[in-house]
Amino acid sequence: MIAVKNLQKNYGKLEILKGIDLEIHKGEVVVVIGPSGSGKSTFLRCLNLLEQPTGGEITFEGQSITSKKHDINITREKMGMVFQQFNLFPHKTVLQNITLAPIKVKKQQQAEADKFAMELLKTVGLEDKKDAYPAQLSGGQKQRIAIARALAMQPHVMLFDEPTSALDPEMVGEVLEVMKKLAEDGMTMVIVTHEMGFAREVGDRILFMDGGVIVEQGTPAQVFGNPQHVRTQDFLSKVL
Amino acid sequence: MDITLFKMAYDYRDFFLTGLQYTLLLAVLGVFFGFILGIIISLLRMSKWGVLRFLATAWVEFLRGTPMLVQLFLIHYGLATFGIEFTPIQSGAITLSINSSAYLAEIFRAGIQGVDRGQMEAARSLGMKQGMTMRHIILPQALKSVLPAIGNEFITIIKESSIISFIGVTDLMFQARTVTTISYDGMTPLVIIAFMYFVLTFTLSKILGRLERRLNTDDRR
Numbered sequence: 001m002i003a004v005k006n007l008q009k010n011y012g013k014l015e016i017l018k019g020i021d022l023e024i025h026k027g028e029v030v031v032v033i034g035p036s037g038s039g040k041s042t043f044l045r046c047l048n049l050l051e052q053p054t055g056g057e058i059t060f061e062g063q064s065i066t067s068k069k070h071d072i073n074i075t076r077e078k079m080g081m082v083f084q085q086f087n088l089f090p091h092k093t094v095l096q097n098i099t100l101a102p103i104k105v106k107k108q109q110q111a112e113a114d115k116f117a118m119e120l121l122k123t124v125g126l127e128d129k130k131d132a133y134p135a136q137l138s139g140g141q142k143q144r145i146a147i148a149r150a151l152a153m154q155p156h157v158m159l160f161d162e163p164t165s166a167l168d169p170e171m172v173g174e175v176l177e178v179m180k181k182l183a184e185d186g187m188t189m190v191i192v193t194h195e196m197g198f199a200r201e202v203g204d205r206i207l208f209m210d211g212g213v214i215v216e217q218g219t220p221a222q223v224f225g226n227p228q229h230v231r232t233q234d235f236l237s238k239v240l
Numbered sequence: 001m002d003i004t005l006f007k008m009a010y011d012y013r014d015f016f017l018t019g020l021q022y023t024l025l026l027a028v029l030g031v032f033f034g035f036i037l038g039i040i041i042s043l044l045r046m047s048k049w050g051v052l053r054f055l056a057t058a059w060v061e062f063l064r065g066t067p068m069l070v071q072l073f074l075i076h077y078g079l080a081t082f083g084i085e086f087t088p089i090q091s092g093a094i095t096l097s098i099n100s101s102a103y104l105a106e107i108f109r110a111g112i113q114g115v116d117r118g119q120m121e122a123a124r125s126l127g128m129k130q131g132m133t134m135r136h137i138i139l140p141q142a143l144k145s146v147l148p149a150i151g152n153e154f155i156t157i158i159k160e161s162s163i164i165s166f167i168g169v170t171d172l173m174f175q176a177r178t179v180t181t182i183s184y185d186g187m188t189p190l191v192i193i194a195f196m197y198f199v200l201t202f203t204l205s206k207i208l209g210r211l212e213r214r215l216n217t218d219d220r221r
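Quick mapping for you: the protein sequence lines, in order, are chains A and B. The first sequence runs 1 to 240 under full-length UniProt numbering. The second sequence runs 1 to 221 under full-length UniProt numbering.
In structure tokens, the structure reads:
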């Protein structure tokens with residue numbers, strides 16, 4: 001579904017990504033772990049071109065999205081993204097946050113968009129908050145709305161950039177629960193996270209990144225149970 | 001003195017009301033076109049094209065760096081030598097608009113750059129195009145945060161509009177001098193129009209204050 005070939009990203013002389021090769025299949029849940037500064041977030045943000053790669057190629061559903069002719073907006077409709085800082089639109093209500101893009105981008109009718117939004121709100125357990133503004137929500141609620149907002153575009157893949165890192169500990173669970181449900185429903189997901197328990201439980205494949213490369217990858221059992229690389233062992237011994 | 005004040009205000013009410021009419025007309029035109037132009041200029045200043053950025057910056061620097069009176073004369077008398085002639089009202093409206101556009105552009109730019117980067121990213125990640133994101137996500141938040149500064153600029157426009165009396169627009173300032181010429185009273189007409197200007201600006205600042213409070217109910221952060 002997504003194929004990444006020799007992906008590179010530099011900021012001036014600083015090399016963040018030093019050649020990433022990866023294939024992500026439909027329905028797969030790929031969890032990216034690694035120390036801060038290893039390039040995990042940059043990698044994720046390259047997948048929908050929020051960061052413009054300096055080299056390499058990314059294809060999504062058979063189309064090269066890194067080619068100059070490609071209109072990235074069309075691809076982004078099919079790639080949902082959830083951010084560490086939620087990034088809800090503070091001047092819009094919860095319902096408006098969710099329906100804005102479907103109405104403006106997909107040209108859905110208001111009623112149709114509202115109906116689907118209410119279904120999504122039900123899924124994330126926040127129907128009663130439809131008329132609230134983001135400032136009136138807790139962190140965990142905000143993130144669940146952000147997930148609903150991304151899902152409203154009916155994406156083929158969901159990207160999660162440390163979705164629980166900005167949350168108070170007691171709110172992490174409710175967000176992970178929603179993500180788990182999503183994974184069980186067969187959504188293709190790429191998740192950057194520090195939640196090792198979640199990675200082990202929900203991930204089909206774990207990528208360990210360090211220094212701008214994928215050091216090691218495999219099933220959770222392989223990576224967590226029997227890490228091959230010294231750097232992986234070192235990292236896991238610190239976080240587990 | 002106080003008796004003369006009211007008597008004069010009443011006796012010459014037609015003069016003052018005409019003046020008020022033109023001052024208001026010019027201020028409204030200046031605010032309206034200055035606002036639209038200001039948004040355009042601020043977007044150009046953040047364009048990815050160097051030429052556009054340069055032109056917009058030059059526009060802002062020139063208009064901020066030269067007296068508005070000079071700008072007014074350049075437009076009204078200077079352009080006339082090239083065969084481009086405007087009526088006094090047109091010249092006044094153009095001068096006020098472009099002059100305030102420079103200040104407003106800087107205010108908007110500060111506001112737009114003050115909106116969290118994540119807002120742009122979130123909207124773009126949903127497939128919204130740049131322009132769409134600006135209109136629905138960035139500008140509403142930017143405008144809200146710079147509303148007090150915009151209000152200041154509007155008040156400035158109302159006051160500065162008095163210079164258009166120089167080219168013969170019968171605004172409040174012009175009418176005050178007319179009344180002085182008729183009545184030989186140099187003081188009272190000025191006090192009257194000072195009061196009228198104040199009522200205009202004070203009302204505006206109250207309206208903006210109310211608008212600000214209303215917008216703030218959205219997101220108490």
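Glycine included, C-beta positions come from ideal geometry on N, C-alpha and C. In this text, all values refer to a predicted model and were calculated from it rather than measured experimentally.
Leaving aside the five residues that flank residue 67/B on each side, none in its chain has a CB nearer than 8 Å to its CB. Annotation for residue 191/A: 31, 160 place their beta carbon closer than 6 Å to its own, counting only its chain and skipping 5 residues before and after. Counting every other CB atom within 10 Å of its CB across the protein chains shown gives residue 34/B a total of 16 or more, marking it as buried. Linking residue 4/B to residue 197/B through their CA atoms gives a straight-line distance of about 19 Å. At a cut-off of 7 Å between beta-carbon atoms, residue 101/A makes contact with chain B. Closest option to residue 166/A, judged by alpha-carbon separation, among 153/A, 180/A, 141/A, 34/A: 141/A. Residues of the segment 185-213 of chain B with a C-beta less than 9 Å from any C-beta of chain A: none at all. Residue 94/B has its alpha-carbon roughly 55 Å from the corresponding atom of residue 125/A. In the three-state reduction of the DSSP assignment, residue 211/B falls in the helix class.
According to the DSSP secondary-structure assignment, residue 10/A is paired through a beta bridge with 15/A.
Here residue 79/A carries a strand assignment [DSSP, helix/strand/coil]. Under the rule that a run must span 4 or more residues, the alpha helix (DSSP H) segments found entirely inside the segment 25-96 of chain B read 50-65, 68-73. Excluding the 5 residues flanking it on each side, residue 101/B has same chain C-beta neighbours closer than 6 Å at 34, 37, 38, 41, in chain order. Take residue 109/B, set aside five residues on each side of it, and the residues of its chain with a beta-carbon closer than 7 Å to its own are 42, 45, 46, in chain order. Residue 179/B sits close to residue 12/B, with the two beta carbons spaced by under 7 Å. Following the DSSP letters along the chain, one finds residue 217/A inside the beta strand (DSSP E) bounded by residues 213-218.
Relative to residue 172/A, the option among 45/A, 138/A, 156/A, 221/A whose CA is nearest is 138/A.
Residue state for residue 132/A is assigned as coil, using DSSP reduced to three classes.
In this structure, 73/A is the residue among 61/A, 21/A, 220/A, 73/A with its C-alpha nearest to the C-alpha of residue 131/B. Residue pairing by DSSP puts residue 23/A in a beta bridge opposite 3/A.
The three-state reading of DSSP puts residue 64/A in strand, counting E and B together. With fewer than 16 neighbouring CB atoms inside 10 Å of its own CB, residue 240/A falls in the exposed class. Around residue 8/A, the same chain offers 17, 18, 19, 53, 54, 55, 56 as residues with beta carbons nearer than 7 Å, after the five sequence neighbours per side are excluded. Put simply, the segment 66-82 of chain A touches the segment 147-155 of chain A. At least three CB pairs are less than 8 Å apart. In terms of Cα proximity to residue 157/B, the closest of 186/B, 31/B, 6/B, 19/B is 31/B. In the structure shown, the three-state DSSP call for residue 6/B is helix. Contact between the segment 132-140 of chain B and the segment 81-89 of chain B is not established, with fewer than three Cβ pairs separated by less than 8 Å.
Separation of residue 46/A and residue 131/A (C-alpha to C-alpha, rounded to the nearest whole angstrom) is 34 Å.
At the C-beta level, residue 163/A and residue 175/A come within 7 Å of one another.
Taking C-alpha positions only, residue 129/B is separated from residue 76/A by approximately 10 Å. Within 9 Å of the CB of residue 136/B, the CB atoms of chain A belong to 89, 92, 100, 104, in sequence order along the chain.
Going by DSSP, residue 190/A is part of the beta strand (DSSP E) stretching over 188-192. In the structure shown, residue 146/B adopts coil according to DSSP, grouped into three states. Under the three-state reduction of DSSP, residue 89/A is assigned to coil, being neither helix nor strand. Put simply, the segment 23-41 of chain A touches the segment 206-218 of chain A. At least three CB pairs are less than 8 Å apart.
Residue pairing by DSSP places residue 167/B opposite no residue, since no beta bridge is assigned to it.
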